[in-house]
Amino acid sequence: MKKRIASCLLAALVLANLTAAEYYVSKETGKNGNAGTKDAPFKNIEKAAEKVQPGDKIYVAEGNYYGVRDKGFIMIQKAVEIYGGYSKDFSKRDVLKYRTLVMPPASSNGTGRANKAMEFDIKNGEGKKLVIDGIIFDKGLSNGYHPTKGKPQGVETGMLVLPPGQGVNGGEKSITTEKAIFGGSIMKCDVLIQNCVFNNASNFAIQFGGTGNVKILNNVFTANAMSACEIWGKENKPNAVTVEFAYNTVLFTWPRTHAFEDMGYGFRVMTKVEVNIHHNIIGLSCLSAVDRCRIDSPASMENGRKVLMDNNRFFMNKQADVTLPGLGTFEYVWVKDFDDLDRFNSAEGNEELKDIASLKNVLNKAYLAGFLNATYKEKTDYDPNSPANEFRRAMGMNQTMTVQTNVSMFANKYPQDDAVKLFGAVKGFGAQAIK
Numbered sequence: 012m013k014k015r016i017a018s019c020l021l022a023a024l025v026l027a028n029l030t031a032a033e034y035y036v037s038k039e040t041g042k043n044g045n046a047g048t049k050d051a052p053f054k055n056i057e058k059a060a061e062k063v064q065p066g067d068k069i070y071v072a073e074g075n076y077y078g079v080r081d082k083g084f085i086m087i088q089k090a091v092e093i094y095g096g097y098s099k100d101f102s103k104r105d106v107l108k109y110r111t112l113v114m115p116p117a118s119s120n121g122t123g124r125a126n127k128a129m130e131f132d133i134k135n136g137e138g139k140k141l142v143i144d145g146i147i148f149d150k151g152l153s154n155g156y157h158p159t160k161g162k163p164q165g166v167e168t169g170m171l172v173l174p175p176g177q178g179v180n181g182g183e184k185s186i187t188t189e190k191a192i193f194g195g196s197i198m199k200c201d202v203l204i205q206n207c208v209f210n211n212a213s214n215f216a217i218q219f220g221g222t223g224n225v226k227i228l229n230n231v232f233t234a235n236a237m238s239a240c241e242i243w244g245k246e247n248k249p250n251a252v253t254v255e256f257a258y259n260t261v262l263f264t265w266p267r268t269h270a271f272e273d274m275g276y277g278f279r280v281m282t283k284v285e286v287n288i289h290h291n292i293i294g295l296s297c298l299s300a301v302d303r304c305r306i307d308s309p310a311s312m313e314n315g316r317k318v319l320m321d322n323n324r325f326f327m328n329k330q331a332d333v334t335l336p337g338l339g340t341f342e343y344v345w346v347k348d349f350d351d352l353d354r355f356n357s358a359e360g361n362e363e364l365k366d367i368a369s370l371k372n373v374l375n376k377a378y379l380a381g382f383l384n385a386t387y388k389e390k391t392d393y394d395p396n397s398p399a400n401e402f403r404r405a406m407g408m409n410q411t412m413t414v415q416t417n418v419s420m421f422a423n424k425y426p427q428d429d430a431v432k433l434f435g436a437v438k439g440f441g442a443q444a445i446k
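Note that our numbering numbers the sequence shown so that position 303 is 314, with each residue one more than the last.
As structure tokens, this is what we get:
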């Protein structure tokens, strides 16, 4: 009887996988009341994800998708598979030619204020896999940028303006920069993110917690603030989540604010997560390529997980290639000294990128020059004997001073057309050409 029940369960699982349905989405030709077929597609990714079942596949035509009624974000609550990059009639797929965009404009910032551009709330993935394949995420239209300050010659915009300040963007004159691009909570669910672009995030590109196996493969990350990727485990065990971060190109990662105080990591190794970082190009980080400062407690928890970092290529990171805890605050380590690393179970085959010509040929030259020369200067003017301060002292009030700041560049908008050129720029490392 037990064997018969087991056989029936196995047959049911196989049947469920074989019968995963396929649906289609087109912003231009679809309607949300349609059946989701090729001839009658849905209009929105979010609406399709609501109507289908976990494990179903959703194919998305070229167009810009940013939520039902263009509210500024897409909420996903089921483990579905989403594939972008299709022509309008779904007859061809070319991710870079037929771009499936999640690129909300500034006009959606009011309704999209509290959410990431694509946000997940998957409480139980039911053993299914969440797939995001061939989507171009870009916050370059909804960020606020300063009209003149921090604008190197040849760069499209001024520096990023963070809340509560407001910036401009094209014809929009009062823009409050909003949330990160991609993240949320993903529980009991495997995740595959591949062949995507994450561009111009003001506060992390990918950031989420969860449980399951996560693969982030063959993506391009450009001009993101804080970090390109931060994932942590949400169960109290060493490997609540496992992350493979491989064949990604991560460039121009900016710090938290224009004062350059902290952050600016390509990839962060968080807690309760087992990590395998390999065959990436991580360069032009304001702080370091990899942050390995988060240590699990107790020691048995930390010792129960593996952190591997092999065969990566590093490129002009500003302060270090790896940041470790220690020496008062942090310890900064360059790739030439990786033999001495004790916070990684393996750190073999890593090098500085030697053949940089092919990479430099596809980078935006003005942006690169501005980044390499980016500075923050602060001048304080305090006169304790000024009439104003003498009066304030007599009244028991705080003294005053003026602070002048000068920022040469901070998280300016990076052109999407240049970001997509990074696929296939360096053979064998970083994002490869999409097949």
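Just so it is clear, CB atoms sit at the ideal spot from N, CA and C, and this is done for glycine as well.
In this text the structure is predicted, and so the values were computed from the model without any measurement.
Beta-carbon contacts of Lys-245 that lie in its chain and below 8 Å, excluding the five residues immediately before and after: Excluding residues within five positions, the ones whose Cβ falls inside 8 Å are Ser-196, Met-198, Gly-220, Gly-221, Thr-222, Ala-251, Val-252, Lys-283.
Given Leu-112 as reference, the closest of Asp-100, Met-129, Arg-279 once Cα atoms are compared: Looking only at Asp-100, Met-129, Arg-279, the smallest Cα-Cα distance to Leu-112 is reached by Met-129.
Test item: CB-CB of Gly-165 and His-157 under 8 Å: Using a Cβ distance threshold of 8 Å, Gly-165 and His-157 do not count as a contacting pair.
Close beta carbons around Lys-226, own chain, < 6 Å, minus the five adjacent residues each side: Contacts found: Leu-203, Glu-255.
Paired residues, beta bridge with Arg-450 - DSSP: Because the chain spans 12 through 446 in this model, residue 450 falls outside it and cannot be assessed.
Supposed close pair Ile-133, Ile-93 - CB separation, criterion 8 Å: The C-beta distance from Ile-133 to Ile-93 rounds to 13 Å, too long to meet the 8 Å contact threshold.
Inter-stretch contact (C-beta, 8 Å, three-pair minimum) for the region 289-301 and the region 319-336: As far as the Cβ criterion goes, the region 289-301 touches the region 319-336, which means the pair count is three or higher.
C-beta contact flag for Met-114 and Tyr-70 at 8 Å: Not in contact: Met-114 and Tyr-70 (Cβ atoms no closer than 8 Å).
Short Cβ contact (8 Å threshold) for Gly-360 with Phe-325: Not closer than 8 Å, so no.
Whole-angstrom distance between His-290 and Asn-322, CA atom to CA atom: Those two C-alpha atoms are separated by around 5 Å.
Test: Asp-81 CB closer than 8 Å to a CB of chain D: Given the protein chain composition of this structure (a single chain), no chain D is represented.
Cβ-Cβ distance between Val-63 and Ile-147 below 8 Å: No, these two residues do not count as a Cβ contact at 8 Å.
Ala-310, enclosing alpha helix (DSSP H) - first and last residue: According to the DSSP assignment, Ala-310 belongs to the alpha helix (DSSP H) that extends over 310-314.
Proximal residues to Val-418 (C-beta, below 6 Å), its chain only, five neighbours per side dropped: Around Val-418: Gly-161, Met-170, His-269, Tyr-387.
Within 8 Å, strictly: CB atoms of Phe-263 and Phe-382: In this structure, Phe-263 sits near Phe-382, with a CB-CB distance shorter than 8 Å.
Per-residue burial, Glu-285 [other beta carbons within 10 Å of its own, 16 or more giving buried]: The residue in question, Glu-285, is buried, as its Cβ has 16 or more Cβ neighbours within 10 Å.
Test item: CB-CB of Ala-216 and Cys-200 under 8 Å: Cβ distance not < 8 Å, so Ala-216 and Cys-200 don't count as in contact.
Start and end residues, alpha helix (DSSP H) containing Ala-90: Neither: Ala-90 is in no alpha helix (DSSP H) and is coded neither H nor E.
Residue interval of the beta strand (DSSP E) (run including Ser-185): In this chain, the beta strand (DSSP E) harbouring Ser-185 covers 183-186.
Cβ-based neighbour list, Ile-85, same chain, cut-off 6 Å, excluding 5 preceding and 5 following: So the list reads Ile-56, Glu-57, Gly-78, Met-129, once near-sequence residues are dropped.
Residue interval of the alpha helix (DSSP H) (run including Lys-58): Per DSSP, Lys-58 is one residue of the alpha helix (DSSP H) stretching across 56-62.
Helix, strand or coil at Phe-349 according to DSSP, with G and I counted as helix: Phe-349 falls in the helix class under three-state DSSP.
CA-to-CA distance, Thr-48 to Phe-101, given in whole angstroms: Taken atom to atom, the span from the alpha-carbon of Phe-101 to that of Thr-48 is near 10 Å.
In DSSP terms, what Phe-440 is bridged to: The partner list for Phe-440 (beta bridge, DSSP) is empty, contrary to what the question assumes.
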